[in-house]
Amino acid sequence: MADLLRLTPDGLYCEAGDFHIDPWRAVERAIVTHAHGDHARRGSRRYLCSREGAGVLRLRLGPATNVTPVEYGEARTLRGVRVSLHPAGHILGSAQVRVEYGGEVWVVTGDYKTAPDPTVRSFEPVRCHTLVTECTFGSPLYRWPDAGAEFAKINAWWRANRSAGRASILMGYSLGKAQRLLGGVDPGIGPVFLHDAVATMTDAYREAGVVLPLATPVANAPLDTDWTRALVIAPPGVEGTSWMRRFRSFSTAFASGWMALRGARRRLEADMGFVISDHVDWPALLGAVRESGAERVRPTHGFTKLVARYLREQGLDAAPLETPFGSEEEGTG
Ligand SMILES: [Zn+2]
Ligand SMILES: [Zn+2]
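Letter by letter, the sequence shown follows residues 103 to 435 of the numbering used here.
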């Protein structure tokens with residue numbers, strides 16, 4: 103029997119149900135796991151995503167986009183194929199896609215993490231026969247430290263900058279990472295400001311009911327703002343741009359899973375690196391595979407060969423699912 107899901111030039115396709123999951127070209131019907139650019143692309147005729155994720159998806163793809171929101175766990179039947187979305191714990195509204203047809207169940211994780219994050223719905227394991235799992239950090243080199251301990255380091259860095267009379271510029275991807283950072287820092291240290299791109303996405307989080315500390319868009323800050331006590335959350339792209347000039351004296355930091363490797367920290371054009379990731383690390387990836395109960399695993403999006411080889415050694419049927427866009431959108435790690 104043909105695979106329920108297979109790769110086509112447009113992306114991962116379910117022939118029986120005639121839909122694509124996170125297609126990279128315009129298609130008739132796209133089921134989207136989350137609104138990051140490497141998963142949600144413009145031009146498809148119809149989109150289906152989680153209700154929580156619909157706001158940020160429309161922000162990314164344009165207000166006129168035809169988006170059908172569904173509740174987590176609510177099943178839709180597309181030409182006899184049962185489709186449902188389940189929390190992936192990655193960013194607001196992120197979902198795993200469960201596809202069931204003729205007694206066979208596939209799950210596509212999209213990007214996901216199993217570690218706790220108060221700004222998103224927690225990952226829920228879904229049983230399946232075949233698991234298509236992302237593996238952005240699918241290497242034994244990646245083991246995340248406790249996020250609480252990393253946030254304590256961020257707060258200590260902010261306090262030290264405040265004492266030295268410097269602004270603290272904390273960089274993280276504008277959708278997802280930035281809101282997790284805002285939710286995790288100690289707002290008692292000083293005022294928090296947001297880059298415009300971050301502020302827009304933060305508003306969408308608040309509209310979806312996520313409770314986050316007060317923060318002011320940099321664009322709304324008075325000219326005489328004292329930045330020396332401030333924490334400014336901004337996307338990685340601001341490094342070295344004229345936008346930074348207003349802060350005069352500042353220290354920069356980058357929050358990403360990539361910061362787990364010393365080499366990456368050294369090459370970084372920031373003063374500090376904090377290991378905060380919205381993806382599974384190696385132990386969490388293996389744990390998710392185990393909990394899914396899958397006997398077939400198709401790693402995609404990252405260290406596909408390494409993960410497939412390891413899982414084969416564990417007795418599973420595992421092979422990479424290679425996509426032409428294997429690399430993660432910059433900075434989302
Ligand atoms: Zn993502
Ligand atoms: Zn991704």
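Yeah, the Cβ is synthetic: ideal placement off N, Cα and C, and Gly gets one too.
Exposed or buried, which one is residue i when buried takes at least 16 other CB atoms within 10 Å?
i    : result
P218 : exposed
A177 : exposed
T343 : exposed
T235 : buried
T179 : exposed
S196 : buried
A362 : buried
R400 : buried
R147 : exposed
E173 : exposed
H351 : In the sequence on display, residue 351 carries Ser and not His. Answer is exposed; the Cβ neighbour count stays below 16.
E154 : buried
A321 : exposed
P125 : buried
L413 : buried
A317 : buried
V313 : exposed
A276 : Note that residue 276 is Ser in the sequence shown here, rather than Ala. Result: buried.
L187 : buried
L333 : buried
P189 : buried
A104 : exposed
L150 : buried
L325 : exposed
G204 : exposed
S447 : Summary: the structure shown does not reach residue 447, with the chain confined to residues 103 through 435, and so no result is reported for it.
Please work out which residues of its chain come closer than 6 Å, Cβ to Cβ, to residue i, disregarding the five sequence neighbours upstream and downstream, and give them in chain order.
i    : result
E341 : E371
R184 : A177, E202
L418 : V399
A280 : G274, V300, I335
I123 : L114, I133, V199, V210
G428 : With a pLDDT of only 49 at G428, under the threshold of 50, the placement of this residue in the model should not be trusted, and no figure is reported.
V129 : D112, H122, S146
P165 : none
Can you check which of these residues, the options, is closest to residue i by C-alpha distance?
i    : options                : result
N168 : R131, P189, G417, D298 : R131
G191 : V222, E415, S353, G212 : V222
Y115 : V209, W246, G417, P315 : V209
W345 : V312, R367, D298, F356 : D298
E226 : L408, G389, R184, V409 : G389
I335 : G365, E309, S270       : S270
L283 : G250, H188, G311       : G250
F253 : V287, V228, Y244, Y275 : V287
R331 : R369, W259, A166       : W259
A156 : A310, L316, V391       : A310
N263 : P189, S353, D305, L187 : S353
W329 : F356, T304, F295, S224 : F295
Y244 : V129, A366, N257, G285 : A366
G359 : D112, V382, L150       : V382
T302 : P293, P289, G278       : G278
A396 : A420, A357, G204       : A420
T327 : P315, T216, R348, T304 : R348
V158 : K215, R308, G285       : R308
I193 : A137, R411, S265       : A137
Short of 7 Å in beta carbon distance, which residues of its chain neighbour residue i, apart from the five on each side in sequence? Order them along the chain.
i    : result
L163 : A142, R144
E415 : none
R447 : Not covered by the structure: residue 447. The range shown for the chain is 103 to 435.
S241 : W384, F405, L408
E206 : L106, H231
S394 : V209, P227, V228, R229, C230, L233
G267 : T330, S351
V377 : W246, P247, E252, G359, M361, A362
S152 : P171, V172, Y174, L187, G195, A197
T216 : G191, F225, V382, A386, G389, A390
Kindly list the residues whose CB is nearer than 8 Å to the CB of residue i, restricted to its own chain and excluding five residues on each side of it in sequence; keep chain order.
i    : result
R261 : I291
R181 : A118, G119, D120
R127 : P111, D112, G113, R143, G145
A355 : I256, W259, S270, I271, L272, M273, A372, D373, M374, G375, F376
V391 : L233, T235, V399, L413, L418
Between residue i and ligand 3, is there a pair consisting of the residue's CB and a ligand heavy atom that are separated by less than 7 Å?
i    : result
D213 : Ligand 3 is absent from the structure shown, which contains only ligand 1 and ligand 2.
Could you round the C-beta distance between residue i and residue j to whole angstroms and report it? I think they count as a contact, below 8 Å.
i    : j    : result
T402 : L423 : 4 Å
P289 : P315 : 4 Å
A465 : L161 : Outside the displayed range of the chain (103 to 435) lies residue 465, so it cannot be described from this structure.
T135 : G212 : 3 Å
Spell out whether any CB of chain D is found under 8 Å from the CB atom of residue i.
i    : result
D419 : In the structure shown, chain D cannot be found, because there is only a single protein chain.
Length at least 4, wholly inside the segment 213–245: the alpha helix (DSSP H) runs in chain order: DSSP runs (the alpha helix (DSSP H)) wholly in the segment 213–245: none.
Runs of beta strand (DSSP E) lying entirely within the segment 368–396, each at least 3 residues, in chain order: You should have 374–376.
Beta strand (DSSP E) segments (min. 3 residues) lying fully within the segment 292–370: Entirely contained in the segment 292–370, the beta strand (DSSP E) runs reaching 3 residues are, in chain order, 294–296, 333–336, 352–357.
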